[in-house]
Structures are given as structure tokens and as C-alpha cells.
Amino acid sequence: MAFSIFNKTGPGDGKTAAPEVGKSAARPPGESSARADSNVSFASTTSPASGPRTSAALSSGASEMMAYEVELLPLLQEIAVLYAADEMDAAQALLQKTVQSKAPHPQAWLMLLDLFKARGMKKEFEELAMTYTVKFESSPPTWNEESNQPEARKEARQASDFYSFPGKDLPVEVKKLGELITRLGSARVEVGKIKAIDPQAAAALAKVLVDSRKAGLPVRFNNLGQFIELLKKAIAGNLAKEYSGVWQLLFELYQRQGMQNEFEDLGLEYAMGFEMSPPSWEAVAVEQVDPEAEPAAESGSPAADGFPLRGCIALDNLGQMQQLLNHAAGQKEVHVNMAGLQRIDFSAVGLFIEALSKIQASGKKTVLIDVNELIFPLLEAFGASRLALLLRRKAQ
Numbered sequence: 072m073a074f075s076i077f078n079k080t081g082p083g084d085g086k087t088a089a090p091e092v093g094k095s096a097a098r099p100p101g102e103s104s105a106r107a108d109s110n111v112s113f114a115s116t117t118s119p120a121s122g123p124r125t126s127a128a129l130s131s132g133a134s135e136m137m138a139y140e141v142e143l144l145p146l147l148q149e150i151a152v153l154y155a156a157d158e159m160d161a162a163q164a165l166l167q168k169t170v171q172s173k174a175p176h177p178q179a180w181l182m183l184l185d186l187f188k189a190r191g192m193k194k195e196f197e198e199l200a201m202t203y204t205v206k207f208e209s210s211p212p213t214w215n216e217e218s219n220q221p222e223a224r225k226e227a228r229q230a231s232d233f234y235s236f237p238g239k240d241l242p243v244e245v246k247k248l249g250e251l252i253t254r255l256g257s258a259r260v261e262v263g264k265i266k267a268i269d270p271q272a273a274a275a276l277a278k279v280l281v282d283s284r285k286a287g288l289p290v291r292f293n294n295l296g297q298f299i300e301l302l303k304k305a306i307a308g309n310l311a312k313e314y315s316g317v318w319q320l321l322f323e324l325y326q327r328q329g330m331q332n333e334f335e336d337l338g339l340e341y342a343m344g345f346e347m348s349p350p351s352w353e354a355v356a357v358e359q360v361d362p363e364a365e366p367a368a369e370s371g372s373p374a375a376d377g378f379p380l381r382g383c384i385a386l387d388n389l390g391q392m393q394q395l396l397n398h399a400a401g402q403k404e405v406h407v408n409m410a411g412l413q414r415i416d417f418s419a420v421g422l423f424i425e426a427l428s429k430i431q432a433s434g435k436k437t438v439l440i441d442v443n444e445l446i447f448p449l450l451e452a453f454g455a456s457r458l459a460l461l462l463r464r465k466a467q
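All residue numbers for the sequence shown refer to the working numbering, where the first residue is 72 and numbers rise by one.
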């Protein structure tokens, strides 16, 4: 019996990677010749420990053929690889066989429960959850209608629109923010790390915000209050024309937040100082931050603070990886909330590991929070535990 997987490729010839995340997929530690962004063919072999096993031949082109021995991986890691490869039926069959064995490990049950959730199989989930409770005398995960995302249903917005200013190179970062808003149609911006801003960067940010507002593209903020105070201090008693960009940005932020009194007071100062008419107030809808969708900058709970990853990370959806690196640049310790992440496609696992490696190389600790039971063994197989602290998803 053979499983044929990864006959899908990314953009172009299948070797294209995110230009800033990495030029090539990181290889699993200890596997110097295995490539994750390849075509893979699984052929069955036999393992005395667990019966039928699999090995995978990976090819990245006609001139390059290498073998990645999946039989070296524990059974649950092998199943996680199948799930990552979008071989749902094969992964489900192996898990069902495992839970029916004489001495099943509870981890296999939890993986099967997560798989049923991912596939939208509520009846099977509830039956297995009841049996799990009796067998292990422990509470199983619950079926969460809001967070559950069946594989056949695309998320309305797979890529996170969260953007964190690192506090330096603001002109470059403002340009990236503008591109993100144009690409995703919205943005949630963390400005808490900005400790100083020059007039040119302020003017550029003001233009991005004005353009997005006129185009009807929502932009929301974290820690906006302290950023406004920073801008107020920058213009205090400073009426030099070169600082007009800071004034423009402050006007726009007051406008967005519905702060009409502050807007008019600022307009009076502007008119007296620059001897010219200030911008006019426009009634616009106040854009509020969604507290459930936005990680807080400096709160107590790591889960609440974590940068959110969602949906499925694949070669055609690598924006989240670059945004994670942007977020990490402004953090001392990087918390990543994995609760909303359903799957990491096998073709993109190397790039995910590469992102963790870059964060580690910058001297920062990474904590992956609420990793689901199907992703956890996959990351273990690729050595992610050497680069980050992995915390399993808690029962909901």
C-alpha cells in the first residue's frame, strides 16, 4: 500500500519561498539531506515495534532524489506528518487503529479528537470523547463551535492582519504597514514599542492612515494612548514647519478615535502657531480594537499576549510568518498563540522552523502556546523543541 502526497506545489515551480522569511525551507535537525518543500511518495515498510511503517522519497527536481526515513519517527510523529501532508484519511485510519490497540496511549486519542474537530466530524468526536472519559478517567477536550474550523471551510481571513512596530526603522516599517493594509484590507497595529518618531515617518504614517480611512479599510491600534502622549510631547512648543508631519498624524488619530474636543483644541494651537487653517473635523466611525482577536502588549497572561497564528500555514499563505518575525523584533520574549492554528502544511514546516531559528539566533526565547495535538508531534519531529518551548493545548 502506498500513499502519494505532496503532488501539490507552491507558487511557480514549487520552490518559491517567502522572500524575507527565508529563501529555502529549514531542514529537520539531524536530516541534512531531507527537504520539506518537495514532492513526496510514501511506500510502506515494516517496523517490528508498530507493524506497517512508512518511508518517504523526497524529490526537489529531476536531478535531486533523496530519502527521508519516516520509520525513524515514532508512530504519532508519523501520523502528524500525514496530517501535515493533508492525507486526512490515512492519518485517521492509523489513529483509529492505534486507539483500538491493547495498550493505547492517551496522546493518540487526543490526536484523533483533534482530527475529528478539524474535519467537522462532531458525532464521531462526541462518541470518542465519551469513551475517552471512561477509559482514562479524565476530561476530554470539548467541541467548540466557534473555534472549530472544518478543513473544507476556508477562513475568511487566514493571514493575521496584526502588525507590531518594532520601534526602529520606522520609515521602512510604515511602508510595510501600508502594503499589509492594501493586501489584507485591514490592520491591527501595535504601537507600544515606539519610543520616538521623526517628522518624516510621522507624515508617512499619517498619509497611510488617511488613505486607508478614505478607502474604507479599517485600522485599529493597541496602546494608542501612550503613542498619542508621545506625539503631544514631540509638538509641545515646537511650531517648526518640519514637525508638521507629527501634527498631521495627531490630527488623524484624534479623528479616528472620535476625540473631537482634543481635535479642536489642537486645531486652535495649529492655527495660532502656523497662521493657517487646520484640518476640518469629519465624523467617522470609531475603530475599536477587538480584545478577543488582538494580543495585548503587556498584560499578565502569556496566552493573552501571544502573537496569534490562525488557519493553515502553507506556501501560498506565508504572510503570518513574516508578521511573526516583525512582532518578534520588538519583544524580549516571544509568545506565539497557536490556539487558532489548525495545520502547518508539510511544504511549509521548514519555513516555520527557520522562523523559530531566526528568533533564537537573535537571543530571544520563544514560547509556543496552546499547540494542538496534531501539530505538537510534527514540531517535535522537526526539532522545534530545541528552538522554542512547546506548550500543549489545555482542555477547553
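The C-beta atom is built at its ideal place from N, Cα and C for all residues, glycine as well.
A distance of 7 Å or more separates the beta carbons of Ile430 and Ile384. Residue pairing from DSSP places Thr437 in a beta bridge opposite Val405.
Counting C-beta atoms within 10 angstroms of its own C-beta, Lys285 has fewer than 16 neighbours from the protein chains shown and is therefore classed as exposed. In the three-state DSSP reduction, Gly411 falls in the strand class (E or B).
With distances taken between CA atoms, Asp232 lies nearest to Pro289 out of Met201, Lys239, Trp180 and Pro289. Counted as a single uninterrupted DSSP element, the beta strand (DSSP E) harbouring Pro379 occupies residues Phe378 to Ile384. Residue Leu276 holds the alpha-carbon nearest to the alpha-carbon of Phe236 among Leu276, Val170, Pro270 and Thr213. Look at Val317 here: in three-state DSSP terms it is helix. Taking the Cα of Pro212 as reference, the smallest distance to any Cα among Glu444, Phe378 and Gly382 is reached at Glu444. Only residues of its own chain outside the window of five on either side were considered, and among them Leu427, Thr437 and Leu439 have a CB closer than 6 Å to the CB of Ala459, listed in chain order. Taking 7 Å as the cut-off, the Cβ atoms of Val317 and Ala307 do not count as close. Here the alpha carbons of Ala179 and Glu250 stand approximately 43 Å from one another.
DSSP, reduced to helix, strand and coil, places Asn293 within a strand of the structure shown. Judged by DSSP in its simplified three-state form, Ser210 adopts coil rather than helix or strand. Around the beta carbon of Asn397, a 10 Å sphere encloses 16 or more other beta carbons of the protein chains shown; the residue is thus reported as buried.
The C-alpha of Arg457 lies about 37 Å from the C-alpha of Thr253. With 16 or more neighbouring CB atoms inside 10 Å of its own CB, Asp185 falls in the buried class.
Contact check for Leu389 and Ala432: beta-carbon distance about 19 Å, past the 8 Å limit, so the pair fails to qualify.
Restricted to the region 167-206, the alpha helix (DSSP H) segments that are unbroken, complete and at least 4 residues in length are 177-189, listed in chain order. In this structure, Met182 keeps its C-beta atom at 7 Å or more from the C-beta atom of Leu165.
With contacts defined as CB atoms closer than 7 Å, Gly382 and Val407 fail to qualify as a contacting pair. Judged by their CB atoms, Glu195 and Phe187 are nearer to each other than the 7 Å cut-off.
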